[in-house]
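Right, one structure below, let's go through it.
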Amino acid sequence: MNSRYDAIIIGAGIGGLTSASLLAKQGIKVLVLEALGRIGGCCSNYDFGGFRPEVGAVFVILKDLYNNYFELIDRRIEDYIDFKVIDPVYDIVLEGGERYLLPRNFDAMGEVVRQINPADVDGYRRYCRDMKKIMDQQRAAISIPMPPLKDVFSIKTLLRRMFTKKSLPAMPIIARMAPRNMDTVIRSYFKDDRLQLIFGWENLYAALPVHRCNGMFSMFTYLGHDGYYYPKGGMIAIPKAMARICEEFGVEIRLNAPVKRIIVKNGKATGVEMNSGEIIESKVVISNAHSRVTYLNLVGANNLPSWAVKTVRRQPCSIPAPTFYLNLKEKLGAQAHFTILLNKRRKFDDLWWEFYDRGLLYRADDGPQMVSVPTFDDEDLAPKGKDALSAIYIAPYKLKYYNWDEIATDWAWELAQSLERRAFPGLCSKIEAIESIPPTRLERTLNVPEGAFFGLEMNGTNMGPFRPNYRSKLVDNLYLTGQCTNPGGGVPLVMMSGIIMSSILINDWQKI
Amino acid sequence: MINLISANMKKTLLLVFITGMVIGFMKGLGLAEDQKRRIRKALLELNELPRRVCI
Chain A
42 MNSRYDAIII
52 GAGIGGLTSA
62 SLLAKQGIKV
72 LVLEALGRIG
82 GCCSNYDFGG
92 FRPEVGAVFV
102 ILKDLYNNYF
112 ELIDRRIEDY
122 IDFKVIDPVY
132 DIVLEGGERY
142 LLPRNFDAMG
152 EVVRQINPAD
162 VDGYRRYCRD
172 MKKIMDQQRA
182 AISIPMPPLK
192 DVFSIKTLLR
202 RMFTKKSLPA
212 MPIIARMAPR
222 NMDTVIRSYF
232 KDDRLQLIFG
242 WENLYAALPV
252 HRCNGMFSMF
262 TYLGHDGYYY
272 PKGGMIAIPK
282 AMARICEEFG
292 VEIRLNAPVK
302 RIIVKNGKAT
312 GVEMNSGEII
322 ESKVVISNAH
332 SRVTYLNLVG
342 ANNLPSWAVK
352 TVRRQPCSIP
362 APTFYLNLKE
372 KLGAQAHFTI
382 LLNKRRKFDD
392 LWWEFYDRGL
402 LYRADDGPQM
412 VSVPTFDDED
422 LAPKGKDALS
432 AIYIAPYKLK
442 YYNWDEIATD
452 WAWELAQSLE
462 RRAFPGLCSK
472 IEAIESIPPT
482 RLERTLNVPE
492 GAFFGLEMNG
502 TNMGPFRPNY
512 RSKLVDNLYL
522 TGQCTNPGGG
532 VPLVMMSGII
542 MSSILINDWQ
552 KI
Chain B
800 MINLISANMK
810 KTLLLVFITG
820 MVIGFMKGLG
830 LAEDQKRRIR
840 KALLELNELP
850 RRVCI
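Protein chains in written order, with the working numbering: chain A, 42 to 553; chain B, 800 to 854.
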């Protein structure tokens, strides 16, 4: 086929930009089509009247994984992104007003643990020792130089990365954690309810309830002390850096270019039709969209067997991450970039069964909230002397008694008042503007079904072979990347998905 | 169908017996409606797995 483009990538999210740059570096002519007027997808910053809070991802973890991408692309990460380490890691507010500032330093954190319950200091040391062994193994794996792109996903590379000399001490710990859920693992280290909460709430990052979250997620708190980072210019600095690299390799990125459908002829993807009616042909089509959007909306049910349509439709999404933004006319006086509001253990667990599963909203004071004040680490994200604030909370996609569009603003005000009562006295009088983004709006604006920006659920029945394949088994010459493919949602994982997908495609290229 | 059942009477009776045991056991557990819903959801999820591999 004599196509104008070799590959069309739908979506300028992290997965799309990763694969665009890697493929272009291999000499493939790539076109990226983005429906929105900005890049980044779920790793971006939202412009809300001069204030720029984050959309989706709020910080950088596993920074070493980013180096793998920059190594493959022959660039230095320092030349593109300026990272600042987040310290203190969290300001934790417990029910009843108890408040703890969690420092990044391990010994200082040990003092906080002693202050809460001296009997748990040994558990904390054991926790740090175990997690350090796992991190050492991860670091050893990541530090192995990246092979050429075509060999990234080879058995040899995977084995080399899986079995390093640091693997042996980590294996018994992984074997103990991986089959258990996060709650069980955290309880094995800490006896105090408050510490179990402080070290065991980050299942929310996996967008899963604690009882369905794999024990390996217990590492998250350790990762925070190991280093969470925030890029200068906000989270959008990451996709911007990648877009710059794409341009250096000659990738064409079109914004405000929504795709209507993927053209499928004789079971093969041959290009796309734009909303404007324009038809663009290519040898392969790569979708960075949600698997449900890719198959049901873009490929279309008429091009798929009926069992596949049902399976794609039924595959469960992770929980939505509704957010509200506050523009503050004066400084809030936050103690940390992230303030986490938690409730008593029982209330936190019951939230899933009693409210989330039944499509009910809870009392605003009874729910956890993750508050991010990006201006704490980068003042340029709001007008001078002002603060931007975003808060993520838990709420079901489908409400049993209400319609999200009708109650979104009122509910955001309730949550803001709850924030004022629980953590930030005088907050409501500082509000210049409020904007509520419920799951339904996330779905409409970002095109993520059910407002779940972690894509599909990240549990045993939706991971590994049960997650949609990188190389579609339903449509030839169609490839998938992003949060709905392995290894899952979250910026570094989506970047890995882009790398692996590109590696598979490069190996397939001769046959296409 | 009737021929098939009568020719395999022993197996049919065994199947009916096992099904009865399972239903009796589940009833004996006295599961709440929510728990039953979760079990049904988990069984449906298991049923989907072979098809998910082919997507």
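Using N, Cα and C, we set each Cβ at its ideal position, and we do this for glycine too.
Relative to chain A, which residues along the region 835-849 of chain B have a C-beta separation below 7 Å, given in chain order?
E844, E847, L848
Endpoints, the beta strand (DSSP E) within which A/K301 is located
Where A/K301 is concerned, the enclosing beta strand (DSSP E) stretches over 300-306.
Quick check on this structure: which residue in A/N329, A/D391, A/S259, A/L249 has the alpha carbon closest to the alpha carbon of A/L236?
A/S259
Distance between A/E319 and A/F147 (C-alpha atoms, nearest Å):
Distance from the CA atom of A/F147 to the CA atom of A/E319, rounded to whole angstroms, is 57 Å.
Those runs of the alpha helix (DSSP H) which lie wholly inside the region 126-158 of chain A and span at least 4 residues
147-157
Determine contact between the region 344-362 of chain A and the region 418-426 of chain A, defined as no fewer than three beta-carbon pairs at a distance below 8 Å.
no
Mind checking if B/V821 is an interface residue toward chain A, Cβ cutoff 7 Å exclusive?
By this cut-off, B/V821 is not an interface position.
Taking Cβ-Cβ distances shorter than 7 Å, what residues in chain A pair up with B/I854?
A349, T352, V353, P509, N510, K514, L515
Could you tell me whether any Cβ in chain B is nearer than 7 Å to the Cβ of A/T502?
yes
By the 10 Å Cβ neighbour count, where 16 or more other Cβ atoms means buried, how is B/E844 classified, buried or exposed?
buried
To the nearest angstrom, how far is the alpha carbon of A/P250 from that of A/K104?
26 Å
Please state whether DSSP places A/P272 in a helix, a strand or coil.
strand
For A/T526, which of helix, strand or coil comes out of DSSP?
coil
Alpha carbon of A/S229 to alpha carbon of A/L337, nearest angstrom
44 Å
Can you list the residues of chain B that A/Q356 reaches, using a CB-CB cut of under 9 Å?
E847, R851, I854
Since A/A65 is in the alpha helix (DSSP H), which residue starts that stretch and which ends it?
Taken as a continuous stretch (DSSP letters only), the alpha helix (DSSP H) holding A/A65 covers 55-66.
Quick one, are the C-beta atoms of A/L48 and A/V71 less than 7 Å apart?
In the sequence under discussion, the amino acid at residue 48 of chain A is Ala, which differs from the Leu named in the question. The answer is yes: Cβ separation under 7 Å.
Would you report the Cα separation of A/A310 and A/S323, rounded to the nearest angstrom?
8 Å
Mind listing the chain B neighbours of A/P506? Cutoff is C-beta to C-beta under 7 Å, in chain order.
V852
Is DSSP giving A/A98 helix, strand or coil here?
Coil at A/A98, not helix or strand.
N- and C-terminal bounds of the alpha helix (DSSP H) containing A/Q178:
162-184
Closest by CA to A/Y271, which one among A/D517, A/V340, A/I102?
A/I102
Along the alpha helix (DSSP H) that carries A/K388, what are the first and last residues, could you check?
Start and end: 386-391.
Please classify A/L296: does DSSP put it in a helix, a strand, or coil?
coil
Just the Cα atoms here: how many angstroms apart are A/L345 and A/L515?
Distance between the alpha carbons of A/L345 and A/L515 is about 7 Å.
Pick out whichever of A/P210, A/I114, A/A377 has its Cα sitting closest to the Cα of A/E288.
A/I114
Span of the alpha helix (DSSP H) holding A/K351?
347-355
Within the same chain, show all residues whose beta-carbon is closer than 7 Å to that of A/F231, passing over the 5 residues directly before and after it, in chain order.
Cβ within range, chain order: D161, G164, Q237, F240.
Figure out for me which residue from A/N518, A/A493, A/L519, A/N548 has the closest Cα to the Cα of A/G529.
A/A493
Could you check what DSSP says for A/I475 in three-state terms: helix, strand or coil?
In the structure shown, A/I475 sits in a strand (DSSP, three-state: E or B).
Going by the DSSP bridge assignment, what does A/A48 pair with across the sheet?
A/V71, A/V325
Could you give the residue range of the beta strand (DSSP E) that holds A/A310?
309-315
Around the Cβ of A/Y246, are there at least 16 other Cβ atoms within 10 angstroms (buried) or fewer (exposed)?
It is buried - the Cβ of A/Y246 has at least 16 other Cβ atoms within 10 Å.
Suppose the cutoff is 6 Å on Cβ atoms and the five residues either side in sequence are ignored; what does the same chain contact list for A/G411 look like?
The residue you asked about is not Gly; residue 411 of chain A is Met in the sequence shown. Excluding sequence neighbours, A/M411 sits near I381, I433.
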